[in-house]
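Following: one structure in structure tokens, then a few remarks.
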Amino acid sequence: MDFIEISVIVPVYNVEKYLCQCVESILSQTYRNFELLLIDDGSKDNSGNICDEYAKNDPRIRVLHVENGGASYARNIGLNIAVGDWVTFVDADDWVSSNYLEELVKDVDSDDMLILYPPVKVIDGNQFKAEVNDFNFCSNEGKRLFVEYGFLSFSEPHSKLFSLSVIRKYDIRFPEDVIVGEDGIFISRYLFYTNGIKVRNTPIYYYRYSETSVQKKIYDSKIEWRAYQLWKFELEKLCNQLGINSESDSIYNLLSSLLTRYMNSVVCDSKKSIKDRYILLKNIPLVDKRNYGRRGISSIQGRLLRFIVNNDCDLLLFILLIFRQKIYRK
């Protein structure tokens with residue numbers, strides 16, 4: 001499969017501490033037919049200079065310096081200039097094994113598929129590997145099983161291989177008007193147009209998780225609600241295609257985390273009055289409340305939250321969320 005060219009897209013923003021490890025891991029690949037696109041998203045530290053130095057010494061590297069627009073913007077820029085047949089994304093503070101590209105490309109047998117390797121999560125130097133089996137999902141029936149088995153929880157764009165022809169034919173892009181959930185939205189859009197998915201359990205991608213990651217931050221309630229609504233829309237469209245009940249456990253398990261973020265953002269919004277915050281919680285559609293937290297909640301506090309949300313107890317919900325926020329701030 002050496003004739004297949006892969007575009008590796010790395011959005012770069014203020015990661016001088018980890019950038020060299022990331023780039024070196026990509027340059028040491030056993031599979032050699034690739035281009036490396038380093039999209040410097042307006043970095044304020046030395047990241048941009050590091051990118052330029054690497055580009056001087058390796059013709060496979062292209063660097064583009066752009067004004068800061070966020071990770072989605074940087075990835076979309078990479079998609080616009082990529083020349084490969086297939087594309088994979090790597091975050092600039094992560095790293096990959098030397099056989100990363102070789103493993104991804106060996107399972108390519110059509111030009112409209114998705115290759116997925118669950119990442120190894122690295123927390124304070126400790127590695128945590130998701131235990132999944134190898135699967136081949138074919139046609140809409142296979143995609144239905146992929147969704148129902150919960151594989152959409154691996155919604156990050158990294159550790160996957162995408163067909164660039166599919167992305168360009170259907171103009172699939174990362175939404176730039178949301179900050180959270182954009183990865184899942186992109187994956188859902190891509191899956192709509194694929195005919196095959198392969199999941200492999202080999203550890204080849206190492207995801208550096210930190211308490212300051214985007215996933216841990218809470219943004220303005222309008223931003224959080226926009227992310228929730230957009231991913232819900234894309235998931236419902238995918239469900240309609242595959243004949244899946246859009247209120248199934250597999251769908252609302254994905255959406256529950258974003259709805260939790262939205263509820264927390266409402267409570268934390270000190271610019272709004274208590275009354276306005278309460279009204280925002282009360283106005284969450286009943287269908288979303290009824291389906292919140294369908295599975296996977298084991299803590300007493302989590303079960304209490306689920307009961308309160310499911311039963312539309314808005315005042316209790318508001319009090320509980322405020323109580324939780326006060327505890328977390330201590």
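In full-length UniProt numbering, the protein residues as written are 1 to 330. Cβ coordinates follow ideal geometry from the N, Cα and C atoms, glycine included.
Comparing C-alpha positions only, which one of G125, G196 and R144 sits nearest to S250?
Indexing the sequence shown from 1 puts residue 250 at position 250. Closest in C-alpha terms to S250, from the list G125, G196 and R144, comes R144.
Evaluate T88 with the Cβ neighbour count: other Cβ atoms within 10 Å of its Cβ, from every protein chain shown; 16 or more gives buried, anything less gives exposed.
Along the sequence shown, one-based indexing puts residue 88 at 88. Per the 10 Å Cβ criterion, buried.
Mind reading off the beta-carbon distance from Y226 to D177? Whole number of angstroms is fine, and I expect it under 8 Å.
Within the sequence shown, numbered from 1, the residue matching residue 226 stands at position 226. Within the sequence shown, numbered from 1, the residue matching residue 177 stands at position 177. Before going further, note that residue 226 is Arg rather than Tyr in the sequence given. The beta-carbon distance between R226 and D177, rounded to whole angstroms, is 7 Å. This is short enough to meet the 8 Å contact definition.
When the Cα atoms are used, what is the spatial distance from S28 to L38?
The sequence position of residue 28 within the sequence shown is 28, counting from 1. The sequence position of residue 38 within the sequence shown is 38, counting from 1. Cα-Cα distance, rounded: 16 Å.
Quick check: D93 and V23, are their CB atoms within less than 9 Å of each other?
Counted from its first residue, the sequence shown places residue 93 at position 93. Counted from its first residue, the sequence shown places residue 23 at position 23. The beta carbons of D93 and V23 sit no closer together than 9 Å.
Beta bridge counterpart(s) of M113 as assigned by DSSP:
Taking the first residue of the sequence shown as 1, we reach residue 113 at position 113. Paired residues: G196.
For N99, which residues of its own chain have a beta-carbon under 7 Å away from its beta-carbon, when the five flanking residues on both sides are left out?
For this step, residue 99 is matched to residue 99 along the sequence shown. The answer, listed in chain order, is T30 and I204.
I'd like to know whether the C-beta atoms of E148 and I185 end up nearer to each other than 9 Å.
Translated into the one-based positions of the sequence shown, residue 148 becomes position 148. Translated into the one-based positions of the sequence shown, residue 185 becomes position 185. No Cβ-Cβ contact shorter than 9 Å links E148 with I185.
Taking buried to mean at least 16 other C-beta atoms within 10 Å of its own C-beta, is N311 buried or exposed?
Reading the sequence shown from its first residue, position 311 is the one you call residue 311. Burial call: exposed.
If I measure Cβ to Cβ from T202 and keep anything under 7 Å in the same chain, skipping five residues before and after, which residues do I get?
Along the sequence shown, one-based indexing puts residue 202 at 202. Annotation for T202: E103 and Y117 place their beta carbon closer than 7 Å to its own, counting only its chain and skipping 5 residues before and after.
In this structure, does DSSP put V15 in helix, strand or coil?
Working through the sequence shown from its first residue, we reach residue 15 at position 15. Three-state result, V15: coil.
Three or more beta-carbon pairs under 8 Å between the segment 162-178 and the segment 63-76, yes or no?
Yes, the segment 162-178 touches the segment 63-76.
Taking a contact to mean a Cβ-Cβ separation below 9 Å, would you say K289 touches V266 in this structure?
Taking the first residue of the sequence shown as position 1, residue 289 is located at position 289. Taking the first residue of the sequence shown as position 1, residue 266 is located at position 266. Cβ atoms of K289 and V266: not closer than 9 Å.
Could you spell out the range, first to last residue, of the beta strand (DSSP E) harbouring Y207?
Start at 1 with the first residue of the sequence shown, and residue 207 comes out as number 207. Start and end: Y205 to R208.
Is it the case that the Cβ atoms of I81 and R62 are separated by a distance below 9 Å?
Residue mapping note: residue 81 aligns to position 81 of the sequence shown, counting from 1. Residue mapping note: residue 62 aligns to position 62 of the sequence shown, counting from 1. For the pair I81 and R62, the CB atoms are nearer than the 9 Å cut-off.
Proximal residues to M113 (C-beta, below 8 Å), its chain only, five neighbours per side dropped:
Within the sequence shown, numbered from 1, the residue matching residue 113 stands at position 113. The answer, listed in chain order, is S163, T194, N195, G196, I197 and K198.
Opening and closing residue of the beta strand (DSSP E) in which residue 336 lies
The displayed coordinates of the chain run from 1 to 330. Any statement about residue 336 would go beyond what the structure contains.
Among F192, Y219, L191 and D40, which one has its Cα closest to the Cα of V180?
Locating residue 180 in the sequence shown gives position 180, where the first residue counts as 1. Checked all of F192, Y219, L191 and D40; the closest Cα to V180 is Y219.
For P285, does the count of other Cβ atoms within 10 angstroms reach 16, so buried, or fall short, so exposed?
To locate residue 285, count along the sequence shown from 1; it is residue 285. P285 counts as exposed, since fewer than 16 other beta carbons sit within 10 angstroms of its beta carbon.
According to the neighbour-count rule (16 or more other Cβ atoms, all chains shown, within 10 Å of its Cβ), is S299 buried or exposed?
To locate residue 299, count along the sequence shown from 1; it is residue 299. Looking at its Cβ environment, which holds fewer than 16 other Cβ atoms inside 10 Å, S299 is exposed.
Proximal residues to A55 (C-beta, below 6 Å), its chain only, five neighbours per side dropped:
In the sequence shown, the residue the question calls residue 55 occupies position 55. These residues qualify, in order along the chain: I61 and V63.
Residues bridged to R62 by DSSP?
Your numbering for residue 62 matches position 62 in the sequence shown. BP columns for R62 point to L37.
Where does V66 land, buried or exposed, given buried means 16+ other C-beta within 10 angstroms?
Within the sequence shown, numbered from 1, the residue matching residue 66 stands at position 66. By the neighbour-count rule (16 or more Cβ atoms within 10 Å), V66 is not buried but exposed.
Hey, how far is the Cα of K129 from the Cα of W95?
Walking along the sequence shown from the start, residue 129 turns up at place 129. Walking along the sequence shown from the start, residue 95 turns up at place 95. Distance between the alpha carbons of K129 and W95 is about 15 Å.
Does the separation of the CB atoms of F192 and Y170 fall below 9 Å?
Here the question's residue 192 lines up with position 192 in the sequence shown. Here the question's residue 170 lines up with position 170 in the sequence shown. Yes, they are a contact pair.
Determine the burial state of R261: buried for a count of at least 16 other Cβ atoms within 10 Å of its Cβ, exposed for fewer.
Position 261 of the sequence shown holds residue 261. R261 is buried by the Cβ-count criterion.
Round the Cβ separation of V105 and I6 to the nearest angstrom and send it over; I've been treating them as touching at under 8 Å.
For the purposes of this step, residue 105 is taken as the residue at position 105 of the sequence shown. For the purposes of this step, residue 6 is taken as the residue at position 6 of the sequence shown. About 7 Å; that satisfies the 8 Å criterion.
Under 8 Å by Cβ, that's how I've got I187 and L152 pegged, so tell me the actual separation to the nearest angstrom.
As a working note, residue 187 is residue 187 in the sequence shown. As a working note, residue 152 is residue 152 in the sequence shown. 7 Å between Cβ atoms; contact.
Secondary structure of V267, DSSP reduced to three states
Taking the sequence shown and counting its residues from 1, the one referred to as residue 267 is at position 267. Note: V267 maps to helix in three-state DSSP.
Taking L304 as part of the alpha helix (DSSP H), name the residues at either end of that continuous run.
Against the sequence shown, residue 304 aligns to sequence position 304. First-last of the alpha helix (DSSP H) with L304: I300 to N310.
Which listed residue (D276, L36 and K17) has its alpha carbon closest to that of V8:
Locating residue 8 in the sequence shown gives position 8, where the first residue counts as 1. The option with the nearest alpha carbon to V8 is L36.
Which of the three DSSP states is assigned to V120 in this structure?
Residue mapping note: residue 120 aligns to position 120 of the sequence shown, counting from 1. Three-state DSSP puts V120 in a strand.
Count the other CB atoms within 10 Å of the CB of V12; is the residue buried (16 or more) or exposed (fewer)?
Translated into the one-based positions of the sequence shown, residue 12 becomes position 12. Buried is the call here.
Extent of the continuous alpha helix (DSSP H) run through K44:
As a working mapping, residue 44 is identified with position 44 in the sequence shown. Unbroken run through K44: none, as it is neither H nor E.
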